[in-house]
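Asks: The following block contains the structure, expressed as structure tokens.
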Amino acid sequence: MRLILLGPPGAGKGTQAAKIVEAYGIPHISTGDMLRANVKAGTPLGLEAKKLMDAGDLVPDEVIIAMVDARLDEDDAVNGFCLDGFPRTVPQASALEELLARKGAPIDVCLRFSVEDAEIVSRITGRRVHKPTGDIYHVVFNPPPADLDEADLQQREDDTEEVVLNRLEVYRRQTEPLEKYYWERGLLRDVQAVGDMDEITAGALEVLGEYEPVPAQS
Ligand code: AP5
């Protein structure tokens, strides 16, 4: 299964990706996570990306495309992958299409998650990430278990209201055109993105089940 999760910041892509990759045994390829790992490691790429990420702006296409190209060459991506946060611009989508055509492994489906802006702001500002595992929580909607050490729970630097409003604006301008891009290719499918998280997972897995046999461990 080769799929793309498309949706604005806070739409639940990372939350649902964790369940989907578990069900299908495929890697979760999040360009946001890859960039944050580079920032943490202080690599030249991380240094270049940090300022843009903190402001909620996009990292240049050529940097992201090279990063994803290398990641898709890794062994674990041979039997499929779940892309989260990539592509985010039409040039990124075209580059992905070309590189997957070279591998003879096109995208099966692009799942669209749609959530109203007001809900996005409250989801993003309440998000906490568990540093040791990367697990995603929300102070109200998905509270961390009581036995987790609070010092391990982190708020992302770009998860302020001011930055998320810019991220939404950037999404509308640069990423939303991808809805038409994938719709024209017959790959765009809507999934429920608001409400109970387990029901959202079930809905996404139901749609994915139309593309491949039901996964072994759903
Ligand atoms: P990235 O890390 O990709 O962030 P994003 O796309 O803005 O998405 P988020 O991670 O904020 O949200 P999500 O949809 O995964 O939501 P989540 O599941 O966590 O990108 C960060 C930055 O990196 C970009 O701004 C850019 O600078 C750079 N970048 C990355 N990729 C790039 C690219 N391809 N090109 C250029 N630049 C790039 O959920 C959010 C919260 O809501 C959580 O607290 C969760 O618990 C809660 N929640 C989830 N589902 C529900 C629900 N159903 N009900 C209530 N709460 C819910």
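Under the working numbering, think of the first position of the sequence shown as 42, with each following residue one higher. Ideal Cβ placement from N, Cα and C applies to all residues, glycine included. All values reported here derive from a predicted model rather than from experimental measurement.
Beta strand (DSSP E) containing valine 170: first to last residue?
Replies: The residue you call residue 170 lines up with position 129 of the sequence shown. Segment 168-171, the beta strand (DSSP E) holding valine 170.
Asks: Taking the alpha-carbon positions, what's the isoleucine 165 to aspartate 193 distance?
Replies: Within the sequence shown, numbered from 1, the residue matching residue 165 stands at position 124. Within the sequence shown, numbered from 1, the residue matching residue 193 stands at position 152. Those two C-alpha atoms are separated by around 18 Å.
Asks: Give a yes or no on whether the C-beta atoms belonging to isoleucine 106 and alanine 136 are separated by under 8 Å.
Replies: Residue 106 sits at position 65 when you count from the first residue of the sequence shown. Residue 136 sits at position 95 when you count from the first residue of the sequence shown. Closer than 8 Å, so yes.
Asks: Can you tell me the Cα-Cα spacing of leucine 47 and tryptophan 224, whole angstroms?
Replies: Locating residue 47 in the sequence shown gives position 6, where the first residue counts as 1. Locating residue 224 in the sequence shown gives position 183, where the first residue counts as 1. Between leucine 47 and tryptophan 224, the C-alpha separation is close to 12 Å.
Asks: Residues in the same chain with beta-carbon distance under 6 Å from proline 218, minus the five sequence neighbours each way, listed in chain order, please.
Replies: As a position in the sequence shown, residue 218 is number 177, starting the count at 1. Contacts found: Val131.
Asks: Let me make sure I understand the geometry here. Which of Leu246, Glu253, Tyr252 and Glu251 has the alpha-carbon closest to that of glutamate 63?
Replies: Locating residue 63 in the sequence shown gives position 22, where the first residue counts as 1. Of Leu246, Glu253, Tyr252 and Glu251, the residue nearest in Cα terms is Leu246.
Asks: How many Å lie between alanine 159 and phenylalanine 122 at the Cα?
Replies: As a working note, residue 159 is residue 118 in the sequence shown. As a working note, residue 122 is residue 81 in the sequence shown. Their backbone Cα atoms lie some 31 Å apart in a straight line.
Asks: Glycine 51 by DSSP, collapsed to three states: which one?
Replies: On the sequence shown, position 10 is the one that residue 51 refers to. Three-state DSSP puts glycine 51 in coil, outside helix and strand.
Asks: What residue does the alpha helix (DSSP H) around serine 32 start on, and which one ends it?
Replies: Because the chain spans 42 through 259 in this model, residue 32 falls outside it and cannot be assessed.
Asks: Examine the ligand AP5 and report whether any of its heavy atoms sits within less than 7 Å of the Cβ of phenylalanine 122.
Replies: Numbered from 1 along the sequence shown, position 81 holds the residue referred to as residue 122. Incorrect: phenylalanine 122 has no Cβ contact closer than 7 Å to the ligand AP5.
Asks: Verify the contact flag: threonine 2, CB atom, against every heavy atom of the ligand AP5, threshold strictly below 7 Å.
Replies: Because the chain spans 42 through 259 in this model, residue 2 falls outside it and cannot be assessed.
Asks: Express the C-alpha separation of valine 180 and arginine 43 in angstroms, rounding to a whole number.
Replies: As a position in the sequence shown, residue 43 is number 2, starting the count at 1. As a position in the sequence shown, residue 180 is number 139, starting the count at 1. So the two alpha carbons sit approximately 32 Å from each other.
Asks: CA-CA distance, glycine 250 and isoleucine 61?
Replies: The sequence position of residue 250 within the sequence shown is 209, counting from 1. The sequence position of residue 61 within the sequence shown is 20, counting from 1. Each residue's Cα considered, the two are about 11 Å apart.
Asks: Would you tell me roughly how many angstroms separate the C-alpha atoms of glutamine 215 and phenylalanine 127, rounded to the nearest one?
Replies: Reading the sequence shown from its first residue, position 174 is the one you call residue 215. Reading the sequence shown from its first residue, position 86 is the one you call residue 127. C-alpha separation (whole angstroms): 12 Å.
Asks: On the CB-based measure, 16 or more other CB atoms within 10 Å of its CB, does glutamine 133 come out buried or exposed?
Replies: Here residue 133 refers to the residue found at position 92 of the sequence shown. Classification for glutamine 133: buried.
Asks: Let me make sure I understand the geometry here. Which of Ala111, Gly73, Lys54 and Met75 has the alpha-carbon closest to that of leucine 141?
Replies: Within the sequence shown, numbered from 1, the residue matching residue 141 stands at position 100. Closest by alpha carbon: Ala111.
Asks: I'd like to check one pair, valine 204 with glycine 97: are the Cβ atoms closer than 8 Å?
Replies: Locating residue 97 in the sequence shown gives position 56, where the first residue counts as 1. Locating residue 204 in the sequence shown gives position 163, where the first residue counts as 1. A contact, by the Cβ cut-off of 8 Å.
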